[in-house]
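Chemist: Residue numbers for the sequence shown follow our numbering, beginning at 24 and rising by one.
Glycine residues also receive a C-beta, built at the ideal position from the N, C-alpha and C atoms.
Being a predicted model, the structure only gives us computed values, none of them experimental.
I have a structure I would like to understand better, so I am pasting it below and will then ask my questions one at a time.
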Amino acid sequence: MIRYVWYSRGSCVTGRELARRLGCCRTMVPPRLLGRQDFVLCWGARLRGSVCEQATVGKTFNDVERVECYSNKYNALKVMEDAGVRVPKSVLGNQLVEALECGDLELPVVRRRWCHQQGLDAVLVESEPQNFDNGYVLQFIPSDREYRVHVFNGKVIRGSKKVFPNALEGDGGWVRCHYGGWIMRDFQHLDNLGQRFKDAAVAAVEALGYVFGAVDVVVDKRDGLPYVLEVNSAPSLDERGLNVYVENVLRYVEGWGVE
Numbered sequence: 024m025i026r027y028v029w030y031s032r033g034s035c036v037t038g039r040e041l042a043r044r045l046g047c048c049r050t051m052v053p054p055r056l057l058g059r060q061d062f063v064l065c066w067g068a069r070l071r072g073s074v075c076e077q078a079t080v081g082k083t084f085n086d087v088e089r090v091e092c093y094s095n096k097y098n099a100l101k102v103m104e105d106a107g108v109r110v111p112k113s114v115l116g117n118q119l120v121e122a123l124e125c126g127d128l129e130l131p132v133v134r135r136r137w138c139h140q141q142g143l144d145a146v147l148v149e150s151e152p153q154n155f156d157n158g159y160v161l162q163f164i165p166s167d168r169e170y171r172v173h174v175f176n177g178k179v180i181r182g183s184k185k186v187f188p189n190a191l192e193g194d195g196g197w198v199r200c201h202y203g204g205w206i207m208r209d210f211q212h213l214d215n216l217g218q219r220f221k222d223a224a225v226a227a228v229e230a231l232g233y234v235f236g237a238v239d240v241v242v243d244k245r246d247g248l249p250y251v252l253e254v255n256s257a258p259s260l261d262e263r264g265l266n267v268y269v270e271n272v273l274r275y276v277e278g279w280g281v282e
């Protein structure tokens, strides 16, 4: 059975609602389980220092140590790249100038912090690049389309296109985030979401060793190829999204033969 939803401060709103709908406990600290057949849904939870030693988690998904590691988005990009997932080229911030000089990157590039949410940290660097600490840089992908693809246990369970309402999509700026006025518009039928985008999302989640994840995929408008920007381990969910995840969580637990 699902015993806990384990979430972080940044994912508490959706985490609490998932716990309510699943009829289980909720926690922001490592839970102690009562039996080997107890499950914990890790909704973006992160370990903090010595608390790792206090956790007695039996079956946790996603794996909290992976979530902790890949909260550093640069780590996640490199793991996906090594697994053959198409992602933008990236380098450490203190290697930016060298990467531009040797041709590994070209302007414009995007400056990011190690850990981020909602794209609020993203800075487009178009001229006068300088090295910096505490972050990384990735190649800017010119795109007029971006999708969020939800994957659970190797299957796409939901797909949305990011749209800027009541205006041309380009008017919303190049960072397509909620705070910039962008919204998610679901595909009524997943078949309408191209297979290559679904394949890219599934490959990204599998590369990180996650059971589930919400994958942001942009389409390069120069050649139409999909690029994975990141995998979210605790996406914000609306009513439909909550129902879809609850259904898949319960199905996943039942697949382990747990009553």
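Taking its Cβ as the centre, do 16 or more other Cβ atoms sit within 10 Å of Glu129, making it buried, or is it exposed?
Modeler: Sixteen is the threshold: since fewer than 16 other Cβ atoms of the shown chains lie within 10 Å of the Cβ of Glu129, the residue is exposed.
Chemist: Determine the DSSP secondary structure at Glu76, reduced to helix, strand or coil.
Modeler: Note that Glu76 has pLDDT 44, beneath the 50 cutoff, so the model's placement of it is unreliable and the number below is only indicative. Note: Glu76 maps to helix in three-state DSSP.
Chemist: Would you kindly report the start and end of the unbroken beta strand (DSSP E) that includes Arg208?
Modeler: Ile206 to Asp209
Chemist: Can you tell me whether Ala237 is buried or exposed, with buried defined as 16 or more other CB within 10 angstroms of its CB?
Modeler: Burial state of Ala237 is buried, judged by a 10 Å Cβ sphere holding 16 or more other Cβ atoms.
Chemist: What is the C-beta distance between Asn95 and Trp137, in whole angstroms, given that I count them as a contact (C-beta under 8 Å)?
Modeler: 5 Å
Chemist: Which partner residues of Cys48 appear in the DSSP bridge assignment?
Modeler: Tyr27
Chemist: Report the three-state DSSP secondary structure of Ala68 (helix, strand or coil).
Modeler: The three-state reading of DSSP puts Ala68 in coil, since its state is none of H, G, I, E or B.
Chemist: What's the C-alpha gap between Val160 and Glu124?
Modeler: 14 Å
Chemist: Hey, how far is the Cα of Ala283 from the Cα of Phe187?
Modeler: An answer regarding residue 283 cannot be provided, because it is not within the stretch 24 to 282 covered by the chain.
Chemist: Could you check what DSSP says for Ser113 in three-state terms: helix, strand or coil?
Modeler: Strand.
Chemist: What does the alpha-carbon distance come out to for the pair Ala227 and Arg219?
Modeler: 12 Å
Chemist: Between which two residues does the alpha helix (DSSP H) harbouring Leu119 extend?
Modeler: Leu119 to Glu124
Chemist: Could you tell me which of Val110, Gln162 and Val179 sits nearest to Glu149, measuring between CA atoms?
Modeler: Between Glu149 and the set Val110, Gln162 and Val179, the nearest pair of CA atoms involves Gln162.
Chemist: For Asp156, which of helix, strand or coil comes out of DSSP?
Modeler: coil
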